[in-house]
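One structure is given here, and the rest of the page talks about it.
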């Protein structure tokens, strides 16, 4: 039995939206779920207890970043990423694939892996499927992502085809490496501390070419992994195209495994993803825009920099019961932002994460109560333009 | 009866150290006390609840900064600085005097007050004693400081003499302005919400000239205010000289009023100040050095940037029970600092404030138990070089 399992509770009668539970050694995750991003083993501007309090059940951390700083061996010596960062709920780590490809001219892809230069000091490194596994094993995340090549958009069909085939070959190497490691520990286990407490998810690619997506899905699903991710979306293509691809992809993935859409976190994308049968999402969007003074609220985005909030002593979102909205006014939040105060990032981040986490909670409840399409319409009507 | 009163409980038999309670409309303050600084109506990188939890009983906020941003009228409309920033314990505001004098060439002093240019946008402003009172009344702080001229060190005797006389004339104008304001509200009151809930403290100057200090003290004490501050110290003079001046100053201040030493916050200065009969201290030091990766611990300063902490999985201070030391290792704190993560400032600030606040708590206990000199020696032995 893999260290991560999935139980599907219900599928919506009118859409592909579904309710499930992912069980990991560090606890259960109710899906659909939004996972806050803690790139460098910290959800920026948040104490881990605060992330937990607002209802987050799992966070994502980054292989690429932790490999470079502080170095995965240090995290291993610390007892893994959970202990290192004081977070005892599940952690998912990406493979480093997306980050190294984003380096542009500073990386070179070969069959073996990717050679790249650090964005920090220009030092030279190589991440291969085996190396990515080694790093993620050191980090000790509950869910490890396979090392993939994420093709850009737009991309020639030929390139996307070669890229997906490479991704499959790399996935096989990831799995072989992980199996070797898990066996050395006595196999995967769902009980924390006994055997290997980590599981590998596969990533399908194929760009925006339906037949290539299908081929990638088939190859990846054949590996019989505990979860699958749709990669290579939200890389610049129009949203409508992303939804179209997603729509098809989901049908080629097994119903009894969690489906993870990488790097997507605007409210509309979450709703559209859920409607198409996605179970897991992650994105830096809520935390990043928070640090730039932008709030997600039930009535749409609020740019706290705006002069109109100078004397607005009401909360960011009158319908929100987060710590920020319970205790501070827009006028104060604007003041903090204008003064470049750290508390600005702390309070805005808290609000945005709370907003997305609670929205996903309401989505789950709506699916449970057979009114997901109604809740979606309600949300869209109030939120306005995305 | 003024809105702020002082009760002296005990004076040490071997030193001038003393234990007292300052009562303000927002609660009691046990002295000697260290007051964390919240310049722009936020103790940098801290939620107000966290400041409270670590035991802080009062914070300081800045007239100059809040006048420029967001503007004191906005804080007034928000219901005062307490409500604006979500802090329901006492607040002391400085007068803006020290800040405008620090502007160097960007300010001009006259009998009327100080004309200056904003450090933010170069805009032109004027703060007079009356204006300083007006701003502090708008902020609604429990303790307001008189608008003074803080002479630099070293300074010619003639300059210091003129400066202290100007400070006294300004203090009279501050008091007249405050009395007018308080009368318009029905006088000062210790009960929050009835009458004027604010009190004015006077500041003595006189540089390092004993006779000028004495003259300033006499003039200031004649005003019969609820508290007095020793200003113009810790402005570059050697510590020994500062202690010498302090030693004399204290004897010219009444025993039944709190004595406040402005801008001092290194552990040795706190001990030396307490030993000389000072009751209140404030300083940006613990919060500022925290953001630069420097911790105050029971065994001296720790520079978290140091390579030696890369694999040090022990807490910052093994004798500390603050949130940071209970949950994080030096290796993690070093990692956060190297990555320029906001959590670094949050955790380091929490620790440093906790350290100073708890040290003052122990100082109070030591005075209560007649062992202040012993505790001081103990602390110095462990802390090492300051």
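Residue numbers (my numbering), protein chains in the order written: chain D, 1 to 386; chain U, 1001 to 1386.
The beta carbon of each residue, even a glycine, is placed where N, CA and C say it ideally should be.
Computed from a predicted structure; not experimentally measured.
Three or more beta-carbon pairs separated by less than 8 Å link the segment 78-86 of chain D to the segment 1326-1336 of chain U, which places the two stretches in contact. Taking one beta carbon from each stretch, the segment 1283-1299 of chain U and the segment 1340-1360 of chain U have 3 or more pairs nearer than 8 Å; the two touch.
Within chain U, the residues placing a beta-carbon under 7 Å from that of residue 339 of chain D are 1040 and 1069, ordered along the chain. Per DSSP, reduced to three states, the secondary structure at residue 1229 of chain U is strand.
Ranked by Cα distance from residue 314 of chain D, the first of U:1147, U:1063, U:1022 and U:1077 is U:1077. Looking at the DSSP output, residue 74 of chain D bridges to nothing. Residue 1141 of chain U has a beta carbon lying at 8 Å or more from every beta carbon in chain D.
One thing to note: residue 1233 of chain U has its Cβ within 8 Å of the Cβ of residue 1246 of chain U. Neighbours of residue 108 of chain D across chain U, judged by C-beta separation under 7 Å, do not exist; the nearest C-beta is about 26 Å away.
C-alpha of residue 69 of chain D to C-alpha of residue 1242 of chain U: approximately 44 Å in a straight line. For residue 89 of chain D, there are no C-beta contacts with chain U under 8 Å, since the nearest C-beta of that chain is about 15 Å from it. Under the DSSP assignment, residue 1007 of chain U falls in the beta strand (DSSP E) whose first and last residues are 1005-1011. The segment 1004-1020 of chain U makes no contact with the segment 1042-1050 of chain U, as fewer than three CB pairs between them are under 8 Å. Residue 74 of chain D reaches chain U at 1310, 1311, 1331 and 1335, counting residues in chain order whose Cβ is nearer than 8 Å.
If you draw a straight line from the Cα of residue 1024 of chain U to the Cα of residue 1280 of chain U, it is about 14 Å long.
Residues of the segment 1190-1219 of chain U that bring their beta carbon within less than 7 Å of a beta carbon in chain D are absent altogether.
Within chain D, the residues whose beta carbon sits less than 9 Å from that of residue 1342 of chain U are 42, 44, 45, 46, 291, 342, 345, 346 and 349, listed in sequence order. Where residue 1273 of chain U is concerned, the enclosing alpha helix (DSSP H) starts and stops at 1267-1275. Put simply, the segment 1059-1074 of chain U does not touch the segment 352-364 of chain D. Fewer than three CB pairs are less than 8 Å apart. Rounded to whole angstroms, the gap between the alpha carbons of residue 1146 of chain U and residue 1200 of chain U is 7 Å.
Residue 1058 of chain U sits in coil when the DSSP states are folded into three classes, being neither helix nor strand. Interface annotation for the segment 269-299 of chain D against chain U: 291, criterion Cβ-Cβ distance under 9 Å. In this structure, residue 383 of chain D sits near residue 298 of chain D, with a CB-CB distance shorter than 8 Å. Residue 125 of chain D sits in a strand when the DSSP states are folded into three classes. Under the three-state reduction of DSSP output, residue 97 of chain D falls in the helix class.
Residues of chain D with a Cβ closer than 7 Å to the Cβ of residue 1086 of chain U are, in chain order, 327 and 328.
For the 8 Å CB-CB criterion, residue 1157 of chain U and residue 1209 of chain U form a contact.
Between the alpha carbons of residue 71 of chain D and residue 1013 of chain U lies a distance of about 56 Å. Residue range 1157-1184 is occupied by the alpha helix (DSSP H) that includes residue 1177 of chain U. When U:1381, U:1362 and U:1150 are compared, the shortest CA-CA separation from residue 1205 of chain U is found for U:1150. For the beta strand (DSSP E) assignment, the uninterrupted runs of no fewer than 3 residues enclosed by the segment 1028-1054 of chain U are, from N- to C-terminal side, 1033-1035. Just so you know, the alpha carbons of residue 1323 of chain U and residue 1317 of chain U end up roughly 11 Å apart. The C-alpha of residue 352 of chain D is placed about 24 Å away from the C-alpha of residue 277 of chain D.
Residues of the same chain with a CB within less than 8 Å of the CB of residue 107 of chain D, apart from the 5 flanking positions on each side, are 100, 101, 114, 115, 116 and 117 in chain order. In this structure, U:1336 is the residue among U:1074, U:1336, U:1283 and U:1184 with its C-alpha nearest to the C-alpha of residue 1306 of chain U. As for any alpha helix (DSSP H) of minimum length 4 sitting wholly inside the segment 264-335 of chain D, the runs are 267-275, 285-291 and 323-327, ordered along the chain.
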